[in-house]
Amino acid sequence: MSRPLVRLLLAIPVTGLLLAGSLAAAWLAIGSPQPAAGTTWFTVHKVGTEAHLTDAPGQPFYFLALGNDGRTDADPGLGDAIHVIGVNPATGDASIIDVPRDTEAPGGGKINAFHASGGLPSIANQLNRMMGITISYAVTTNFPGFISMVDEIGGVDIDVTEPMFDHDSGTEFAPGHYHMSGDSLLAFSRDRKSYPQEGDRQRTVNQGRAIIAALATLRAQNPGAAGTAKLTVTLARHVRTDGLDLTQMYELGRLAMAIDPARIKNVGLPTGAGAGTNLSVAPQAQDLFNDFRDDAILQNH
Amino acid sequence: MLDRVTRSRRPRAAALALCALLATSVAFAFATPASAKAKKPIAKITIGDVTIYKVGNDPQTIPDEVRAKILAAVSTYVNAATVKPLQTGVVDDAALAPALGPAATFRAAGVDRGTLVDEGIPKATGRIVVNTLPVKLTALADADGHVVVITAHLESIARTRTERGGITISRKGDLVFMPDGDTWKIDGYDLAVERSGKGLVAPTTATTAAPSTPTPGAAK
Numbered sequence: 030m031s032r033p034l035v036r037l038l039l040a041i042p043v044t045g046l047l048l049a050g051s052l053a054a055a056w057l058a059i060g061s062p063q064p065a066a067g068t069t070w071f072t073v074h075k076v077g078t079e080a081h082l083t084d085a086p087g088q089p090f091y092f093l094a095l096g097n098d099g100r101t102d103a104d105p106g107l108g109d110a111i112h113v114i115g116v117n118p119a120t121g122d123a124s125i126i127d128v129p130r131d132t133e134a135p136g137g138g139k140i141n142a143f144h145a146s147g148g149l150p151s152i153a154n155q156l157n158r159m160m161g162i163t164i165s166y167a168v169t170t171n172f173p174g175f176i177s178m179v180d181e182i183g184g185v186d187i188d189v190t191e192p193m194f195d196h197d198s199g200t201e202f203a204p205g206h207y208h209m210s211g212d213s214l215l216a217f218s219r220d221r222k223s224y225p226q227e228g229d230r231q232r233t234v235n236q237g238r239a240i241i242a243a244l245a246t247l248r249a250q251n252p253g254a255a256g257t258a259k260l261t262v263t264l265a266r267h268v269r270t271d272g273l274d275l276t277q278m279y280e281l282g283r284l285a286m287a288i289d290p291a292r293i294k295n296v297g298l299p300t301g302a303g304a305g306t307n308l309s310v311a312p313q314a315q316d317l318f319n320d321f322r323d324d325a326i327l328q329n330h
Numbered sequence: 026m027l028d029r030v031t032r033s034r035r036p037r038a039a040a041l042a043l044c045a046l047l048a049t050s051v052a053f054a055f056a057t058p059a060s061a062k063a064k065k066p067i068a069k070i071t072i073g074d075v076t077i078y079k080v081g082n083d084p085q086t087i088p089d090e091v092r093a094k095i096l097a098a099v100s101t102y103v104n105a106a107t108v109k110p111l112q113t114g115v116v117d118d119a120a121l122a123p124a125l126g127p128a129a130t131f132r133a134a135g136v137d138r139g140t141l142v143d144e145g146i147p148k149a150t151g152r153i154v155v156n157t158l159p160v161k162l163t164a165l166a167d168a169d170g171h172v173v174v175i176t177a178h179l180e181s182i183a184r185t186r187t188e189r190g191g192i193t194i195s196r197k198g199d200l201v202f203m204p205d206g207d208t209w210k211i212d213g214y215d216l217a218v219e220r221s222g223k224g225l226v227a228p229t230t231a232t233t234a235a236p237s238t239p240t241p242g243a244a245k
């Protein structure tokens with residue numbers, strides 16, 4: 030089997046978890062996706078040139094979890110669910126900055142378009158410039174991949190804190206605790222109309238919550254070192270990778286399982302009105318980025 | 026007469042036999058270098074169930090030579106982390122070193138030392154008994170059929186006596202092995218240890234998990 034093909038088969042438990050949530054976002058344009066057997070659940074790229082697990086295993090690092098609205102594997106789609114995750118292995122902490130899809134990119138235009146035009150490296154580069162960080166890994170998934178992945182792990186436990194009833198996204202949730210299937214979690218992650226004031230900003234934060242909930246659900250299954258190996262192989266059959274090998278994916282999975290969801294901060298990027306329908310990065314975001322870039326953790330937000 | 030002769034020869038024969046036995050023992054003791062003495066291992070480790078998760082079709086199981094290396098590494102770990110400290114009162118870091126990868130070495134010297142090794146335990150004054158369940162191995166193989174990660178599930182209980190009383194050390198969890206050149210070394214672990222008995226100043230329990238590596242750097 031060729032090396033590229035091998036890589037295609039690699040998987041990430043960790044990323045899987047994290048992305049599980051992240052994927053959620055976006056895909057507003059897609060109808061009712063039908064997961065197919067053998068479908069690619071997500072794609073993983075090593076986009077950074079430094080600070081990855083093997084070279085600097087204890088050092089903080091960043092990765093991008095992206096949900097895209099691509100309808101096929103060949104279509105990268107818009108990067109509509111954008112979550113930059115900082116992980117500090119030394120402390121067992123992680124932080125998520127949720128970026129609304131309409132946020133203006135440093136390179137101009139909406140940031141979600143950079144995925145469609147240049148893939149994961151391109152949008153990661155824009156986020157690096159915006160936040161002053163270096164993203165090491167990036168993962169992306171689309172609707173079918175998201176649904177299949179969530180269903181494969183047996184669903185995700187999550188709390189709905191406000192009424193969510195939106196025909197377009199498919200939400201029908203009164204406040205309470207839910208065990209959501211892939212379809213339901215996708216609806217939860219897509220719903221912005223239940224939030225007349227915050228809209229996409231709240232939806233983006235909800236996607237971050239979905240990521241944390243997915244991780245919590247997997248941790249509750251307590252896969253351990255051996256179970257993570259099984260999970261890695263399961264995901265390996267549904268992932269595309271570039272720049273990662275199976276060992277690194279296993280390590281990422283182990284690392285994810287070592288992070289207590291209660292120690293993950295989830296913060297929406299402060300934005301204001303921008304040109305047209307764009308959102309501009311608010312001035313106070315610089316303080317957020319400063320807090321984020323020193324050790325990948327948000328202590329003051 | 027006959028009886029008398031017989032009686033006098035019996036003690037003489039017994040004395041001769043005793044002398045021969047003592048001479049033989051002394052000769053053996055001096056003739057055999059200490060390092061070459063064949064000692065029965067206190068902790069006898071065996072391999073139990075083997076499971077392999079693979080991306081491709083191969084391998085069917087963990088190759089024998091890899092199993093042997095894992096077995097040797099687990100044995101090295103148990104002896105250096107538990108048996109030696111009980112025998113000598115100190116951890117044999119030099120003996121432990123070959124079993125640990127860089128990440129585990131870093132943590133064994135710092136935050137996880139209390140879980141990884143039995144430091145500060147009183148020296149045994151009685152026989153040391155270590156019972157272990159067969160070590161379950163779980164392997165992860167890539168699409169090329171190469172085993173890239175092996176986890177070893179360890180459950181051991183060590184018991185002995187000290188001047189203050191008995192000690193029991195129970196250690197349970199997974200050791201994560203990764204290849205390092207021609208060897209396999211501990212890269213991460215999920216371990217829990219419980220130490221109890223009157224021989225201890227105070228019972229201790231510790232649990233730790235190391236997903237992959239060292240932890241330099243610190244939070245703000």
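Going down the list, the protein sequences come from chains A and B.
In this text, residue positions in the first sequence follow our numbering: the first is 30, and each later residue adds one.
In this text, residue positions in the second sequence follow our numbering: the first is 26, and each later residue adds one.
The beta carbon of each residue, even a glycine, is placed where N, CA and C say it ideally should be.
None of the values given here were measured: they were computed from a predicted structure.
(1) When you compare the CB positions of B:Asp215 and B:Gly198, do they come within less than 8 Å of one another, or not?
(2) Can you check whether the CB of A:Arg130 is closer than 8 Å to the CB of A:Asp104?
(3) By DSSP's criteria, B:Gly198 is part of a beta bridge. Which residues make up the other side?
(4) Residues of chain B with CB under 7 Å from A:Lys75, in chain order?
(5) Compute the Euclidean distance between the alpha carbons of B:Ala231 and B:Arg184, then round it to the nearest angstrom.
(6) Answer yes or no: does any C-beta atom of chain B fall closer than 8 Å to that of A:Asp316?
(7) Can you pull the chain B neighbours of A:Gly161, defined as C-beta to C-beta under 7 Å?
(8) Applying a beta-carbon distance threshold of less than 7 Å, which residues of chain B neighbour A:Val262?
(9) Would you kindly work out how many angstroms separate the C-alpha atoms of B:Thr140 and B:Thr229, rounded to a whole number?
(10) Using CA coordinates, which residue listed in B:Asp143, B:Ala124 and B:Val174 is at the minimum distance from B:Arg196?
(11) Between the Cα of B:Gly135 and those of B:Gly114, B:Thr150 and B:Asp118, spot the shortest distance and give me the residue it belongs to.
(12) Taking A:Ile126 and A:Val116 to be in contact with their CB atoms under 8 Å, please state how far apart those CB atoms are, rounded to whole angstroms.
(13) Taking 8 Å as the cut-off, decide whether the C-beta atoms of B:Thr176 and B:Thr157 are in contact.
(14) Let me know the secondary structure DSSP gives A:Arg221 once reduced to three states.
(15) For B:Val154, which residues of its own chain have a beta-carbon under 8 Å away from its beta-carbon, when the five flanking residues on both sides are left out?
(16) Residues of chain A with a CB under 9 Å from the CB of B:Thr140: which are they?
(17) Work out the CA separation of B:Leu96 and B:Val160 for me, nearest whole Å.
(18) Could you give the uninterrupted runs of the beta strand (DSSP E) lying entirely in the stretch 256-311 of chain A, keeping only those of 3 residues or more?
(19) Given A:Ile164, which residues of its chain have a CB within under 8 Å of its CB, disregarding the five upstream and five downstream residues?
(20) Mark A:Phe172 as exposed unless 16 or more other C-beta atoms lie within 10 angstroms of its C-beta, in which case mark it buried.
(21) Using beta-carbon positions only, say whether A:Ile293 and A:Ser177 come within less than 8 Å of one another.
(22) On the three-state DSSP scale, how would you describe A:Gly96?
(23) Of the residues that make up the stretch 287-319 of chain A, which ones have a beta carbon closer than 7 Å to any beta carbon in chain B?
(24) Could you name the residues that DSSP lists as bridge partners for A:Ile176?
(25) For chain B, check one thing: does any of its Cβ atoms lie closer than 8 Å to the Cβ of A:Lys222?
(26) With distances taken between CB atoms, is the gap from A:Met193 to A:Ser223 smaller than 8 Å?
(27) How would you call A:Val73, buried or exposed, if buried means at least 16 neighbouring beta carbons within 10 angstroms?
(28) Can you tell which of B:Gly222, B:Ala168, B:Val172 and B:Leu200 has its C-alpha closest to the C-alpha of B:Ile192?
(29) Evaluate A:His267 with the Cβ neighbour count: other Cβ atoms within 10 Å of its Cβ, from every protein chain shown; 16 or more gives buried, anything less gives exposed.
(30) For A:Phe202 and A:Pro225, I'd like the C-alpha separation in whole angstroms.
(31) Tell whether a beta-carbon distance below 8 Å holds between B:Thr86 and B:Ile77.
(32) Looking at the secondary structure, which residues open and close the alpha helix (DSSP H) in which B:Gly139 lies?
(33) What are the boundary residues of the beta strand (DSSP E) that includes A:His330?
(34) Using DSSP with H/G/I as helix, E/B as strand and the rest coil, what is A:Ala167?
(35) Measuring CB to CB, does B:Thr187 end up less than 8 Å from B:Pro123?
(36) Are the Cβ atoms of A:Thr233 and A:Val128 separated by less than 8 Å?
Let's see:
(1) yes
(2) No.
(3) B:Leu179 and B:Leu216
(4) Those do not exist, as A:Lys75 stays about 16 Å from chain B at its closest Cβ, beyond 7 Å.
(5) 18 Å
(6) no
(7) Those within 7 Å of A:Gly161 in chain B number zero; the least Cβ separation is about 16 Å.
(8) Tyr78, Lys79, Val80 and Leu165
(9) 10 Å
(10) B:Asp143
(11) B:Asp118
(12) Contact flag wrong, Cβ pair sits at about 13 Å.
(13) no
(14) coil
(15) Ile67, Ala183, Arg184 and Thr185
(16) Chain A residues near B:Thr140: none, gap ~14 Å exceeds 9 Å.
(17) 8 Å
(18) Complete beta strand (DSSP E) runs here, min 3: 268-271, 293-297, 300-302 and 308-310.
(19) Val76, Gly77, Tyr91, Phe92, Leu93, Val113, Ala153, Leu156 and Asn157
(20) buried
(21) no
(22) strand
(23) Ala287
(24) For A:Ile176, which the question treats as bridged, DSSP gives no partner whatsoever.
(25) No - not a single Cβ of chain B is within 8 Å of the one on A:Lys222.
(26) yes
(27) Buried, since its Cβ has 16 or more Cβ neighbours within 10 Å.
(28) Of the candidates B:Gly222, B:Ala168, B:Val172 and B:Leu200, the one whose C-alpha sits nearest the C-alpha of B:Ile192 is B:Gly222.
(29) buried
(30) 16 Å
(31) yes
(32) Arg138 to Leu141
(33) No beta strand (DSSP E) contains A:His330, which DSSP labels as neither H nor E.
(34) Strand at A:Ala167.
(35) no
(36) yes
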